[in-house]
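This report refers to the structure that appears directly beneath it.
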Amino acid sequence: MGAAMRRIHVGNALSAFGLGFTVPYLYVYVAQVRGLGAMTAGLVLAVFAVAALIVLPFAGRAIVRRGPLPVLLVALVTAAIGALGLGLSGGAAAVLLSAAVLGAGQAVMQPALATMIVDCSGAETRSRAFATQFFLQNLGLGVGGLIGGHLVDLTKAGSFTLLFSLEAAMFLLLVVVMATVRMPHAPRLTGAPAQSAKAGWKQLLDNRAMVQLCVLGFVLFFACYGQFESGLSAYGVEAAGISTSALGTALAANTLVIVVAQFVVLRFVERRKRSRVIASVGLIWAVAWAVAGYAGLGGGSQTMATAAFISTYALFGLGEAMLSPTLAPLVADLAPTGMAGQYNSAFALVKQLALAVGPAVGGPLGASLHVPYIVVFVLFSLGITVLAVRLGRQLTDVQNQPSAARSRVVAQGGAGAGQAPAHA
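Read left to right, the sequence shown gives residues 7 to 430 (the numbering used here).
Structure below.
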């Protein structure tokens, strides 16, 4: 890795570490510590999603015009203000406003960092770069959550103020780190007319492969990430009798599988067609949902049910490790020259929509309609496989399997024809 990529990965780790301090404890902080009730706490979580949906369409255009680094620095300062505001807020209005500011900053970080990775990598290194990003994000979230859990005290609001202050400090430290990054030259649409924003979205929507990838991405995020802390956890508690400690163990197992298996899985993924990798993830997740069905509906012992439920989260982690070096590089390879920021923002927008809809649909189903819940998400997982196979027909050989190409020109100005073949 070059110096710029090393700093980007440090930035990913620091941002995830800061988020890990507060994300697991946000609900209890608002509802119990500040005494604002479950309704306000639920609104805070909704505000995060709404803020992201509002800012992401504008973020993509800003990244295209100004470059990802200035946009990232603004997002980090915004997130730091929001985090500090949450730690100091005592009333519902101040908490909701701070959550909106923090949510907007967090949302813009994702496509900005992804575009920086694209600009600092080539076809032969991009999958590994995004796998490293995902590995560090999960490691940072896990370590941050572990430390945060030992610092919080439900009887002391000051302990939560400390957590949010540490989160804000991580974002500001990241500003210092990222301000030293010297980005390589990448194409920017600096002289485009005002109406080109609509033209950019029209160009994206005219890209059939990108539209199909966005549909596939929505189903992926809806059927996995959108269920982790809502429908699947509710199903585990209500149908399988899973304790809160076992639920925590399941989430830890998910993170552990990602951290341990990421680079082992990468060697497998790099040499295979991306559409087939995604199709395989659909089959793995179908098995995961079937195992979850056994945990809650199989009639076995509580020990077997708990083991099956933990295995479900572990299987999800395996699928996530396969997707991390696949989805983001594919988005970058589908983007025309200078449009990586807009494509990354569009895909992040799809993810936010899925994360907003997933809990709203999965929560009630998982809590009360146990059999339909499992059947629906087994079908969704099989749908991922079908959609991935269809997507593969829209991709060029280079887009679907870059390692098989001897030379290529990537959207951000990569290797030209006549150069040596890329090595995994």
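Think of the CB as a built atom: it goes at the ideal place given N, C-alpha and C, for glycine as much as any other residue.
Assign residue i to one of three DSSP states: helix, strand, or coil.
i, result
"E276", "helix"
"T196", "Annotation note: pLDDT 45 at T196 (below 50); position unreliable, no value reported."
"D212", "coil"
"S351", "helix"
"L42", "coil"
"A229", "helix"
"R399", "coil"
"K162", "coil"
"M11", "helix"
"T84", "helix"
"Q407", "coil"
"A421", "Model confidence at A421 stands at a pLDDT of 40, short of 50, so the residue's coordinates are unreliable; what they give is reported in the following sentence. If DSSP states are grouped into helix, strand and coil, A421 belongs with coil."
"L375", "coil"
"A106", "helix"
"T332", "coil"
"C126", "coil"
"T391", "helix"
"R188", "coil"
"F141", "helix"
"I60", "helix"
Between residue i and residue j, how many whole angstroms is the CB-CB distance? I'm expecting something under 8 Å.
i, j, result
"F54", "A120", "That belief does not hold up - the Cβ atoms of F54 and A120 are roughly 19 Å apart, past 8 Å."
"G128", "G237", "That belief does not hold up - the Cβ atoms of G128 and G237 are roughly 40 Å apart, past 8 Å."
"A37", "A47", "4 Å"
"M45", "D125", "Not really, about 43 Å apart at Cβ, beyond 8 Å."
"N18", "Q143", "6 Å"
"V287", "I390", "7 Å"
"Y431", "L210", "The chain is shown only over 7 to 430; residue 431 falls outside these bounds and no answer can be derived."
"F136", "I123", "6 Å"
"S387", "A229", "6 Å"
"L226", "S239", "Not quite, the Cβ-Cβ distance comes to about 19 Å (not below 8 Å), so this is no contact."
"L20", "M176", "5 Å"
Please report the straight-line C-alpha distance between residue i and residue j, rounded to a whole angstrom.
i, j, result
"H156", "V34", "15 Å"
"V363", "M328", "24 Å"
"V275", "I380", "28 Å"
"G93", "G41", "14 Å"
"G91", "L82", "14 Å"
"M184", "S133", "22 Å"
"T138", "Q268", "8 Å"
"V181", "T255", "34 Å"
"V187", "A311", "49 Å"
"A198", "A85", "The predicted model places A198 with a pLDDT of 43, which falls under 50 and marks its position as unreliable, so this point remains unresolved."
"A65", "A285", "30 Å"
"S95", "Y241", "33 Å"
"G344", "I69", "10 Å"
"L289", "T261", "20 Å"
"A296", "L179", "44 Å"
"E130", "P408", "7 Å"
"G323", "A313", "15 Å"
"P331", "I264", "12 Å"
"H15", "L145", "12 Å"
"V217", "V77", "25 Å"
"A200", "P63", "Unreliable positioning characterises A200 in this predicted model, as indicated by a pLDDT of 43, which lies under 50. A coordinate reading is not provided."
"P378", "S171", "43 Å"
"A113", "L371", "28 Å"
"V56", "V266", "34 Å"
"H376", "V243", "11 Å"
"L195", "L393", "Bear in mind that the predicted position of L195 carries a pLDDT of just 48, short of 50, making it unreliable; the figure below should be weighed with that in mind. So the alpha carbons of these two residues sit roughly 32 Å apart."
Comparing alpha-carbon positions, which option in the options lies nearest residue i?
i, options, result
"I60", "L108, V29, A98, G97", "L108"
"A258", "S317, A229, V283", "S317"
"I248", "R282, Y300, H15, A292", "Y300"
"T28", "A338, G88, G372, V77", "G88"
"G73", "A118, Y31, G96, T84", "A118"
"D403", "L393, L340, F353, L375", "L340"
"V337", "N213, A175, V56, L179", "N213"
"A334", "L324, F383, C220", "C220"
"G373", "I123, G97, Q233", "The displayed chain sequence assigns Ala, not Gly, to residue 373. The shortest C-alpha separation from A373 is found at Q233."
"A352", "V266, R67, V101, G111", "R67"
"W291", "I264, V265, Y319", "Y319"
"G325", "V243, L172, A294", "A294"
"A98", "L79, L51, A113", "L51"
"N406", "A215, H15, V77, V39", "A215"
"K208", "P342, G43, P365", "P342"
"L79", "A110, L169, Y231", "A110"
"V101", "A113, G154, G43, L393", "G43"
"L103", "A394, L75, L49, V114", "L49"
"F383", "T167, E173, V243, A298", "A298"
"Y231", "G347, H376, L321", "L321"
Under 7 Å: does the beta carbon of residue i sit that close to some heavy atom of the ligand PLP?
i, result
"V187", "No copy of the ligand PLP occurs in the structure displayed, which carries no ligand at all."
Against chain C, does residue i count as a neighbour if the rule is that its beta carbon must be under 8 Å from one of theirs?
i, result
"A106", "Here there is only one protein chain, and chain C is not present."
Does the region 21-37 come close enough to the region 139-150 that 3 or more CB-CB pairs lie under 8 Å? yes
Under 8 Å, with one C-beta from each stretch per pair, do the region 347-366 and the region 291-306 reach the 3-pair mark? no
Would you say the region 9-17 touches the region 159-173, given that touching needs at least three Cβ pairs under 8 Å? no
Taking three-plus beta-carbon pairs below 8 Å as touching, is the region 268-286 in contact with the region 396-404? yes
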